[in-house]
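Under this note's numbering, the final residue of the sequence shown carries the number 323; numbering is consecutive throughout. Idealized CB from N, CA, C, for every residue including glycine. Remarks on the structure that follows.
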Amino acid sequence: MARTKIPLTITDLAGNSIAGASVQVRKRTDGTLTTIYQAETGPASVTNPIFTDSRGRCNGWVERGKYNATISASGLETYTEIFNAAPAGDREADELWLPAGAAARVVTALPATGVVGEEVILRLNPGTENGIVFWHFRYDSGPQAEKWVAMGQQEALTVVAGGIGQITSANGITSTLSTNNFTLAPIAAPHSGMYECRIEVGYMMNTVQALMDVGVAVGNPASYDYMSTVTVAGTGLTASGGRTITGYLDKGETPLPLYTTNAGTASFARKKMWLRPLRLLGD
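This is the structure:
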C-alpha cells in the first residue's frame with residue numbers, strides 16, 4: 041500500500057518550531073496505534089510516538105488512512121491534530137473516500153481483485169482498426185468468478201479485411217463450417233471471460249446458384265453460429281449478412297471466422313469482425 045509522509049510541523053504559539061515534541065499517531069477508525077515507517081518504501085519502522093526534528097517536522101511515513109495525532113511537549117498544552125493520508129502517486133484510491141460519480145482510474149490490465157462498486161477504465165492498444173480502445177468496468181460481488189462487469193455498450197475491438205478473396209466448395213462442406221484462406225487479422229482477448237463477437241461479410245456469387253454459410257467460433261470448446269444466404273437468380277448478384285455469438289474466451293484466445301459454400305464459388309468484397317467484453321476476470 042502507498043504511504044504519505046506525516047504532514048505535521050509542530051510549533052509554539054509564537055510560531056517557533058519545537059524540536060523533540062512527541063507525536064503519537066492513532067487510527068481514527070478504531071483508536072489503535074498505527075505503524076510509522078522510516079521511509080516511503082521498505083519495512084523499517086520508527087517508534088510511535090515519533091519525535092520532531094530541529095525544525096518541528098515528523099520524519100515518518102504512514103499508510104493510507106484517517107488519523108489522530110496527539111502532540112505534547114514541554115511548555116505546550118497537549119492537543120490532538122486530525123489528518124488524512126491519501127497518497128495519489130500510484131493512482132489508487134480508497135473506495136469509501138470516493139464521492140458518488142467520481143472518475144474511474146485508468147489501468148492497462150484489470151486488477152486481480154477490487155472493491156465492490158469500484159470502477160476502472162481498461163486502456164487497450166491492440167493494433168486493430170481502432171487504435172486505442174477504452175473499456176469501462178465495475179467490480180461486482182456476484183457468485184461468478186468473472187467479477188469485472190462491462191458498463192454499457194463498450195467500443196469494440198475491430199478488424200477489417202478489404203480487397204477480393206475467393207471461397208469455393210473445396211473450402212468446406214455443408215454439414216460443418218470451416219475456415220478459408222481469406223483470413224482476418226486475429227483479435228486476442230485481453231482477459232479471460234465472456235465476450236460478444238460479431239462477424240459481417242459482403243460478397244458476390246460467381247455462379248448461378250450457391251449456398252453461403254458465414255459464422256464465428258468462440259470459446260474452448262468452440263460454440264458455432266452461422267447464417268445462410270441462397271442466391272438463385274444468377275451470377276454476379278451480391279449479398280451481405282452477419283452473425284453475433286456470445287462465448288467464453290481464455291486470455292489471449294481469438295474468435296475464429298468461419299465460411300463455406302456447398303456449390304460454386306463466391307468472392308468477398310468486405311469482411312469485418314469485432315469483439316466486445318461482457319464479464320471478465322482480472323488475470
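Which residue's Cα is closest to the Cα of residue i: the options?
{"i": "Pro183", "options": "Ala42, Leu321 and Thr44", "result": "Leu321"}
{"i": "Thr198", "options": "Glu186, Gly192, Ala228 and Ser181", "result": "Ala228"}
{"i": "Glu186", "options": "Val200, Glu195 and Ala152", "result": "Ala152"}
{"i": "Trp188", "options": "Thr74, Val147 and Glu117", "result": "Val147"}
{"i": "Thr181", "options": "Val156, Leu162 and Val173", "result": "The sequence shown places Ser at residue 181, not Thr. Residue Val156 is the option with its Cα nearest to Ser181."}
{"i": "Arg319", "options": "Gly55, Met313, Thr294 and Leu289", "result": "Leu289"}
{"i": "Asp70", "options": "Ser114, Gly105, Asp323 and Gly292", "result": "Gly105"}
{"i": "Lys312", "options": "Val200, Ile172 and Asp323", "result": "Val200"}
{"i": "Tyr119", "options": "Pro317, Ala79, Pro226 and Leu53", "result": "Leu53"}
{"i": "Lys291", "options": "Gly233, Glu240 and Val241", "result": "Gly233"}
{"i": "Ala113", "options": "Ser62, Val241 and Thr72", "result": "Ser62"}
{"i": "Ile172", "options": "Ala196, Glu117 and Met191", "result": "Ala196"}
{"i": "Thr74", "options": "Met191, Thr294 and Arg66", "result": "Arg66"}
{"i": "Glu293", "options": "Val241, Pro226, Pro317 and Glu240", "result": "Pro226"}
{"i": "Gly55", "options": "Gln78, Ala79 and Leu116", "result": "Leu116"}
Looking at residue j and residue i, is the spacing between their C-beta atoms short of 8 Å?
{"i": "His231", "j": "Leu150", "result": "yes"}
{"i": "Ile122", "j": "Ile50", "result": "no"}
{"i": "Cys98", "j": "Ile46", "result": "yes"}
{"i": "Arg43", "j": "Tyr107", "result": "no"}
{"i": "His176", "j": "Gln194", "result": "yes"}
{"i": "Tyr235", "j": "Leu162", "result": "no"}
{"i": "Val102", "j": "Ala125", "result": "yes"}
Indicate the three-state DSSP secondary structure (helix, strand or coil) for residue i in the structure shown.
{"i": "Ala196", "result": "coil"}
{"i": "Val241", "result": "strand"}
{"i": "Glu135", "result": "The predicted position of Glu135 is uncertain, since its pLDDT is 45 and thus under 50; a value taken from the coordinates is nonetheless stated next. Correct three-state label for Glu135: helix."}
{"i": "Thr92", "result": "coil"}
{"i": "Leu73", "result": "strand"}
{"i": "Leu53", "result": "coil"}
{"i": "Ala210", "result": "Bear in mind that a pLDDT of 42 at Ala210, under 50, signals an unreliable position, so the number given afterwards is only what the model happens to contain. Looking at Ala210 - three-state DSSP - the assignment turns out to be helix."}
{"i": "Glu103", "result": "strand"}
{"i": "Val156", "result": "coil"}
Return the chain-ordered list of same chain residues with a C-beta closer than 6 Å to the C-beta of residue i, the five sequence neighbours on each side being excluded.
{"i": "Glu159", "result": "Ala144 and Arg178"}
{"i": "Gln64", "result": "Pro89 and Thr110"}
{"i": "Gly60", "result": "Phe91"}
{"i": "Gly100", "result": "Ile46, Ile76, Val86 and Ile90"}
{"i": "Gly96", "result": "Thr49, Ile50, Thr51, Ser57 and Ile58"}
{"i": "Ser94", "result": "Ala59"}
Starting from residue i, follow its DSSP beta bridges and name the residues at the other end.
{"i": "Pro317", "result": "Tyr235"}
{"i": "Pro47", "result": "Beta-bridge pairing links Pro47 to no other residue."}
{"i": "Gln184", "result": "According to DSSP, which records beta bridges pairwise, Gln184 is partnered with nothing at all."}
{"i": "Thr147", "result": "Note that residue 147 is Val in the sequence shown, not Thr. Note: Val147 sits in a beta bridge opposite Leu162."}
{"i": "Asn108", "result": "Arg66 and Ile122"}
{"i": "Ala113", "result": "Leu116"}
{"i": "Thr190", "result": "Residue 190 is actually Ala in this sequence, not Thr. According to DSSP, Ala190 bridges with Phe177."}
{"i": "Thr284", "result": "Arg238"}
{"i": "Lys312", "result": "Val200 and Glu240"}
Apart from the five residues just before and just after residue i, which ones in its own chain have a Cβ nearer than 8 Å to its Cβ?
{"i": "Thr87", "result": "Ile76"}
{"i": "Thr81", "result": "Arg43"}
{"i": "Ala190", "result": "Trp175, His176, Phe177, Arg316, Pro317, Leu318, Arg319 and Leu320"}
{"i": "Gly154", "result": "Val160, Tyr179, Lys187, Trp188 and Gly322"}
{"i": "Ala79", "result": "Trp101"}
Which same chain residues end up closer than 7 Å to residue i when comparing Cβ atoms and leaving out the 5 residues on each side of it in sequence?
{"i": "Thr72", "result": "Arg66"}
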